Amino acid sequence: MNSEQLERAIRLWKQAFAIRRWLPGPLAACEEVAAVEAWLEHQGGLLSAELRPAREDVVALARMLTSFAATSFNTRAYRLRVPKGAQRAKAKARSSAAVLKAYALEALACEHGLVPAAEAQRRLDLGLHPPELTLMTYARELIRRTEYASQGLSVYWLWLELDEHSRKGLTVAAVQQAEQRLLEWLKQPDSIAAEAR
7 MNSEQLERAI RLWKQAFAIR RWLPGPLAAC EEVAAVEAWL EHQGGLLSAE
57 LRPAREDVVA LARMLTSFAA TSFNTRAYRL RVPKGAQRAK AKARSSAAVL
107 KAYALEALAC EHGLVPAAEA QRRLDLGLHP PELTLMTYAR ELIRRTEYAS
157 QGLSVYWLWL ELDEHSRKGL TVAAVQQAEQ RLLEWLKQPD SIAAEAR
């Protein structure tokens, strides 16, 4: 994972959290990137200097802001999509999050020339899920959210799986540390990997 892309995604994610309260009601729940982008370009001057996006970040920030409507911030819509007790919807979000984790682990393994994708998937199928995998996957999804649409409720599920420390301490260093631990885990034989999780 490119550390510059990650740093930018985390910065934009934090910026989007802070900006969201300034968005007019309809835009706060908007999934139209162009509408949020237009607001940032024409009304962004109302934001404080630290919240005002750089020109090159406007589109990526608009994408991040609109991704909240598809993930966690549109809480009314979330309750409608996943009402209390709607086990099928929750199971689908959980299953989709597991697929995102598998893709992220396979990508990490390939980036570093480690175990083949099938071997990484086999470990996940055996139930070997190191906790760092959720953090790394969520971080990779942050980058994707600056480039195009979010994976919706599956990303929100990843967020819910993170512990409070990981949520508040989301930094490039924390993600790189998680990646390093995952790389070490991937290099271990199955029996040691099972103990390490």
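Be aware that the sequence shown starts at 7, since it is given in my numbering, and climbs by one per residue. We treat Cβ as the ideally placed atom computed from N, Cα and C, and that holds for glycine. Computed from a predicted structure; not experimentally measured.
Handout entry: Own chain, CB closer than 6 Å to S172, minus 5 neighbours either side, in chain order
Key = Here residue 172 is taken as the residue at index 166 of the sequence shown, counted from 1. So the qualifying residues of the chain are L141.
Exercise for the section: Quick one: grab the DSSP three-state call for T152. Expected result: On the sequence shown, position 146 is the one that residue 152 refers to. T152 falls in the helix class under three-state DSSP.
Practice task
Please state whether DSSP places M70 in a helix, a strand or coil.
Solution key: One-based indexing of the sequence shown puts residue 70 at position 64. The answer is helix: DSSP assigns M70 an H, G or I state.
Problem - Same chain, Cβ closer than 8 Å to W28, neighbours up to 5 away in sequence not counted - result: Residue 28 sits at position 22 when you count from the first residue of the sequence shown. Excluding sequence neighbours, W28 sits near L52, L53, L57.
Practice task
Take A15 and list the residues in its own chain whose beta-carbon comes closer than 6 Å to its own, dropping the five residues that flank it on each side.
Solution key: Locating residue 15 in the sequence shown gives position 9, where the first residue counts as 1. L148, I149, T152, listed in sequence order.
Problem - Per-residue burial, A75 [other beta carbons within 10 Å of its own, 16 or more giving buried] - result: Working through the sequence shown from its first residue, we reach residue 75 at position 69. The residue is buried, with at least 16 neighbouring Cβ atoms inside 10 Å.
Problem - Buried versus exposed call for S156 [16 or more other C-beta atoms within 10 Å across all chains shown] - result: Counting from 1 along the sequence shown, the entry for residue 156 is found at position 150. Per the 10 Å Cβ criterion, buried.
Practice task
Consult DSSP for M7 and reduce its assignment to one of helix, strand or coil.
Solution key: If you number the sequence shown from 1, residue 7 lands on position 1. If DSSP states are grouped into helix, strand and coil, M7 belongs with coil.
Exercise for the section: For Q11, I'd like the list of residues in its chain whose CB is within less than 7 Å of its CB, leaving aside the five on either flank, ordered along the chain. Expected result: Along the sequence shown, one-based indexing puts residue 11 at 5. Excluding sequence neighbours, Q11 sits near I149.
Exercise for the section: Could you say which of F23, E138, A95 lies nearest to W191 if we only look at CA atoms? Expected result: Taking the first residue of the sequence shown as position 1, residue 191 is located at position 185. Of the listed residues, the one whose Cα sits closest to W191 is E138.
Exercise for the section: Closer than 7 Å by C-beta to A126: which residues in its own chain qualify, once you throw out the five before and the five after it? Chain order, please. Expected result: Against the sequence shown, residue 126 aligns to sequence position 120. Cβ within range, chain order: L111, E112, A115, L192.
Exercise for the section: Please go through the same chain and pick out, in chain order, the residues whose beta-carbon is closer than 7 Å to the beta-carbon of A108, but skip the five residues on each side of it. Expected result: Taking the sequence shown and counting its residues from 1, one reaches residue 108 at position 102. Excluding residues within five positions, the ones whose Cβ falls inside 7 Å are Q127, L130.
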